[in-house]
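Trainee: So the sequence shown is numbered by this note's numbering: it starts at 8 and just counts up by one.
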Amino acid sequence: MFQARLTETSGLARACLHGAIRDDGALADAMRYATAGGKGMRGFLVMESARLHGVNDTRSVWPAAAIEAVHAYSLVHDDLPCMDDDDLRRGLPTVHKKWDEATAVLVGDALQTLAFELLTHDAVGAARVSLISTLAQAAGQSGMVRGQALDIAAETAPMPLGLDEIITLQAGKTGALIQWSAEAGAILASADPKPMRDYATALGLAFQIADDILDVEGDARTVGKAVGKDAGAGKATFVSLLGPQAAKTRAAELVDQACDALAPFGADAETLRDAARFVIQRDR
């Protein structure tokens, strides 16, 4: 059920996003390239949380496309030489390698602004202002961008980060967009977002721990990007601080917490529970 729904929502969100990329030329081509791959997990969380709250795909596909645009922009910019300096993303050359650095900067800029345009679509309805405001917070100086800034600062810090500091960093860099994605359905339905927030907080941390494990144990050809970079840079991670087995145990505990948070929705939330289990079972 989960894999089928993930495939469905990923296709719908990507079609919506690509349909909103106007004109031709190098910029549009690079924007489509940057958003052509990936699992579509954030868009899935938007659409499945919306379904759980009685909101149909016709409405939820717009914020799903928006969050996928923001996520893609963050990856394009993260891959730049001034950030993580990566050559591969999703098994393909990064945007700045396939085109150039200036195009990559513009692609990120264009995708970020397009995300907020998508949230103004009529189908989003009265929730558009709340969704725009909360996405700006999740993606900006209080969320993802703050997390990235903390990550960059950690590279030159005199001492490696401790566990609590890494949790704070990742709550912004990875967790903020995941939380917004899970809460978006409740916002669309004008419902209490707390159960979805609790689910997403645990899910986001489990997702990052799984990423850290993949960086140590994953194969670059399967993962689709370079692995072992954190250890090579001497960066503290969940794995380096906890050890591989304890990190896996912690991730599994977080998945249980995420599943428990969905108790108010009963069996209707089983697809979201399967999504949480998938997060720590994936190989890329």
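For glycine and all other residues, C-beta sits at the position ideal for the given N, C-alpha and C.
Computed from a predicted structure; not experimentally measured.
What is the residue span of the alpha helix (DSSP H) that I28 lies within?
Mentor: Walking along the sequence shown from the start, residue 28 turns up at place 21. Neither: I28 is in no alpha helix (DSSP H) and is coded neither H nor E.
Trainee: Please determine, among S197, A183, L212 and P271, the residue with the shortest C-alpha to C-alpha distance to V77.
Mentor: Within the sequence shown, the letter at position 70 stands for residue 77. Nearest option by C-alpha distance: A183.
Trainee: Between R12, M38, K255 and G169, which has its C-alpha nearest T110's C-alpha?
Mentor: As a first step, residue 110 is located in the sequence shown; it is residue number 103 there, counting from the start. Cα-wise, what sits closest to T110 is M38.
Trainee: Would you tell me roughly how many angstroms separate the C-alpha atoms of R12 and V68, rounded to the nearest one?
Mentor: Reading the sequence shown from its first residue, position 5 is the one you call residue 12. Reading the sequence shown from its first residue, position 61 is the one you call residue 68. When rounded, the distance between both Cα atoms is 13 Å.
Trainee: Since G250 is in the alpha helix (DSSP H), which residue starts that stretch and which ends it?
Mentor: For the purposes of this step, residue 250 is taken as residue 243 along the sequence shown, with counting starting at 1. G250 -> no alpha helix (DSSP H), and no H or E assigned at all.
Trainee: A37: beta carbon under 7 Å from a heavy atom of the ligand GDP?
Mentor: Ligands are entirely absent from the displayed structure, and the ligand GDP is therefore not among its contents.
Trainee: Find out if the Cβ-Cβ distance for the pair A130, R66 is shorter than 8 Å.
Mentor: For the purposes of this step, residue 130 is taken as residue 123 along the sequence shown, with counting starting at 1. For the purposes of this step, residue 66 is taken as residue 59 along the sequence shown, with counting starting at 1. Yes, they are a contact pair.
Trainee: Excluding sequence positions up to five away, which residues of its chain have a Cβ less than 8 Å from the Cβ of G61?
Mentor: Translated into the one-based positions of the sequence shown, residue 61 becomes position 54. Result list for G61: A196, in chain order.
Trainee: Let me check one thing: in DSSP terms, what residues is P100 bridge-paired to?
Mentor: Mapped onto the sequence shown, residue 100 falls at position 93. Partner(s): L95.
Trainee: Please identify the residue among C89, A265 and D36 whose C-alpha is closest to the C-alpha of D205.
Mentor: Within the sequence shown, the letter at position 198 stands for residue 205. Ranking the options by Cα distance to D205, first place goes to A265.
Trainee: Is DSSP giving I287 helix, strand or coil here?
Mentor: As a working note, residue 287 is residue 280 in the sequence shown. In this structure, I287 counts as coil in the three-state DSSP scheme.
Trainee: Give me the Cα-Cα distance between F214 and F245, rounded to the nearest whole angstrom.
Mentor: Taking the first residue of the sequence shown as 1, we reach residue 214 at position 207. Taking the first residue of the sequence shown as 1, we reach residue 245 at position 238. Answer to the nearest angstrom: the Cα atoms are 11 Å apart.
Trainee: Closer than 8 Å is the cut-off here; do at least three beta carbon pairs connect the stretch 38-48 with the stretch 132-150?
Mentor: No contact exists between the stretch 38-48 and the stretch 132-150.
Trainee: I believe G192 touches A276 by the beta-carbon criterion, under 8 Å. Please report the beta-carbon distance rounded to the nearest angstrom.
Mentor: Position 185 of the sequence shown holds residue 192. Position 269 of the sequence shown holds residue 276. No, G192 and A276 are not in contact; Cβ-Cβ is about 11 Å, not under 8 Å.
Trainee: If I'm right that A72 touches G50 with Cβ under 8 Å, what's the distance once you round it to whole angstroms?
Mentor: The sequence position of residue 72 within the sequence shown is 65, counting from 1. The sequence position of residue 50 within the sequence shown is 43, counting from 1. The Cβ separation is near 7 Å, so the contact holds.
Trainee: Taking 6 Å as the limit between beta carbons, can you name the residues of its chain near A161, skipping five residues before and five after?
Mentor: Here residue 161 is taken as the residue at index 154 of the sequence shown, counted from 1. Closer than 6 Å at the Cβ level, and outside the excluded window around A161, lie L168.
Trainee: Identify whether C89 lies in helix, strand or coil by the three-state DSSP scheme.
Mentor: One-based indexing of the sequence shown puts residue 89 at position 82. Reduced to three states, the DSSP call for C89 is coil.
Trainee: Which value, in whole angstroms, describes the spacing of the CA atoms of P271 and A189?
Mentor: Along the sequence shown, read from residue 1 onward, the residue named residue 271 stands at position 264. Along the sequence shown, read from residue 1 onward, the residue named residue 189 stands at position 182. Whole-angstrom Cα-Cα distance: 15 Å.
Trainee: Can you name the start and end residues of the alpha helix (DSSP H) that L210 belongs to?
Mentor: Translated into positions along the sequence shown, residue 210 becomes position 203. That run of the alpha helix (DSSP H) goes K201 to E224.
Trainee: Which of the three DSSP states, helix, strand or coil, is assigned to M8?
Mentor: Reading the sequence shown from its first residue, position 1 is the one you call residue 8. Looking at M8 - three-state DSSP - the assignment turns out to be coil, as it is neither helix nor strand.
Trainee: Give me, in chain order, the residues of the same chain whose beta-carbon lies closer than 6 Å to that of L261; leave out the 5 immediate sequence neighbours on both sides.
Mentor: Translated into the one-based positions of the sequence shown, residue 261 becomes position 254. Here the set comprises A209, L212 and A213.
Trainee: To the nearest angstrom, how far is it from the Cα of D222 to the Cα of T14?
Mentor: Working through the sequence shown from its first residue, we reach residue 222 at position 215. Working through the sequence shown from its first residue, we reach residue 14 at position 7. For D222 and T14, the distance between alpha carbons rounds to 25 Å.
Trainee: Please classify S149: does DSSP put it in a helix, a strand, or coil?
Mentor: Locating residue 149 in the sequence shown gives position 142, counting from the first residue. S149 falls in the coil class under three-state DSSP.
Trainee: Would you kindly report the start and end of the unbroken alpha helix (DSSP H) that includes F51?
Mentor: Translated into the one-based positions of the sequence shown, residue 51 becomes position 44. Unbroken alpha helix (DSSP H) run through F51: M48 to L59.
Trainee: Classify W106 as helix, strand or coil using the three-state DSSP reduction.
Mentor: Within the sequence shown, residue 106 is the residue found at index 99, counting from 1. Correct three-state label for W106: coil.
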